[in-house]
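Engineer:
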Amino acid sequence: MLEEAGFVDVRIGEPVDTFGGAGGEANARAFAVFGHPFLARKPA
Amino acid sequence: MSQQTLVDAERLRAEVREKYRAVAVEPDARYHFHTGRGLAARLGYDAAIVDALPPVAVESFAGVANPLALRTPAPGERVVDVGSGAGFDSFVAAGHVGPDGRVVGVDMTAEMLAKARATAGVLGLGHVEFREGLAEALPVDDGWADAVISNGVINLCADKWAVFAEIFRVLRPGGVLQFADIANGRPVPPEALRDIDLWTG
Numbered sequence: 000m001l002e003e004a005g006f007v008d009v010r011i012g013e014p015v016d017t018f019g020g021a022g023g024e025a026n027a028r029a030f031a032v033f034g035h036p037f038l039a040r041k042p043a
Numbered sequence: 000m001s002q003q004t005l006v007d008a009e010r011l012r013a014e015v016r017e018k019y020r021a022v023a024v025e026p027d028a029r030y031h032f033h034t035g036r037g038l039a040a041r042l043g044y045d046a047a048i049v050d051a052l053p054p055v056a057v058e059s060f061a062g063v064a065n066p067l068a069l070r071t072p073a074p075g076e077r078v079v080d081v082g083s084g085a086g087f088d089s090f091v092a093a094g095h096v097g098p099d100g101r102v103v104g105v106d107m108t109a110e111m112l113a114k115a116r117a118t119a120g121v122l123g124l125g126h127v128e129f130r131e132g133l134a135e136a137l138p139v140d141d142g143w144a145d146a147v148i149s150n151g152v153i154n155l156c157a158d159k160w161a162v163f164a165e166i167f168r169v170l171r172p173g174g175v176l177q178f179a180d181i182a183n184g185r186p187v188p189p190e191a192l193r194d195i196d197l198w199t200g
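Chains as they are written, first to last, in numbering that gives the first Met the number 0: chain S, 0 to 43; chain F, 0 to 200.
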């Protein structure tokens with residue numbers, strides 16, 4: 000989606016267990032939801 | 000660019016605003032997500048940076064990962080924080096860009112904006128500013144930003160194409176988007192996508 004929006008050099012970082020131990024953990028586990036950092040660049 | 004969505008964008012926005020109004024005024028209440036210093040530690044933020052911030056700057060933090068994990072803003076850069084909330088990521092970015100840089104946080108929730116502005120005053124951060132606005136209509140000039148950051152916000156926007164187009168507009172050529180957000184490893188069925196409660200909680 001980022002590339003279709005015009006960004007280049009897209010990188011996705013390691014997942015983090017954002018919801019572990021929180022109230023939303025069950026829903027997060029059901030859909031394998033994790034937080035990620037993303038990096039992308041607008042072409043020069 | 001626009002996107003057909005399975006939820007009503009205005010209703011979703013209202014639900015998100017109400018949820019994060021609560022996080023601003025009752026940061027210690029129980030939510031479906033973690034908040035505050037414990038969350039910042041879980042997400043891998045630099046402890047020295049977080050420890051240096053006063054409680055009011057951290058307690059309403061409700062991000063999903065660290066948008067600065069893959070790149071640190073450089074001194075002098077101009078940064079836009081989309082959905083800046085109570086300002087935690089803006090304050091972290093402000094420390095990296097220093098007084099020669101600028102940070103503009105944008106948020107739609109009045110209570111979050113008030114808290115962020117008050118905290119910026121407490122911290123004496125003259126190079127940090129918070130503006131009211133939407134991710135789909137950022138109150139920032141074309142090509143102003145060297146970097147756009149965001150944390151756990153884009154997944155809450157019904158029209159993600161509009162958000163990315165707006166971020167693209169405010170970035171200078173060669174500028175970077177560095178954001179944190181959630182991603183699902185299993186497909187979400189259409190009936191769940193129509194359930195607005197699952198978007199916000």
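Think of the CB as a built atom: it goes at the ideal place given N, C-alpha and C, for glycine as much as any other residue. The structure presented is a predicted model; accordingly, all values stated were derived computationally and were not measured.
(1) Going straight from the alpha carbon of F:L122 to that of F:G97, what length do you get?
(2) Taking F:P54 as part of the alpha helix (DSSP H), name the residues at either end of that continuous run.
(3) Assuming F:D145 contacts F:E76 under a Cβ cut-off of 8 angstroms, what Cβ separation, rounded to an integer in Å, is found between them?
(4) I'd like the span of the beta strand (DSSP E) that includes S:I11, first residue to last.
(5) Between the segment 101-111 of chain F and the segment 71-86 of chain F, can you find at least three pairs of beta-carbon atoms closer than 8 angstroms?
(6) The alpha helix (DSSP H) spanning S:G26 covers which residue range?
(7) The segment 6-21 of chain S: which residues have C-beta closer than 7 angstroms to a C-beta of chain F, in chain order?
(8) Spell out whether any CB of chain S is found under 8 angstroms from the CB atom of F:H95.
(9) Is the distance from the Cβ of F:V147 to the Cβ of F:L170 below 8 angstroms?
(10) Run down chain S in chain order and give the residues with a C-beta less than 7 angstroms from the C-beta of F:G43.
(11) With H, G and I counted as helix, E and B as strand and the rest as coil, what does DSSP make of F:N150?
Structural biologist: In short:
(1) 13 angstroms
(2) 54-57
(3) 4 angstroms
(4) 7-11
(5) yes
(6) The displayed chain sequence assigns Asn, not Gly, to residue 26 of chain S. First-last of the alpha helix (DSSP H) with S:N26: 24-29.
(7) F6, R10, G12, V15, T17, F18, A21
(8) no
(9) yes
(10) V15
(11) strand
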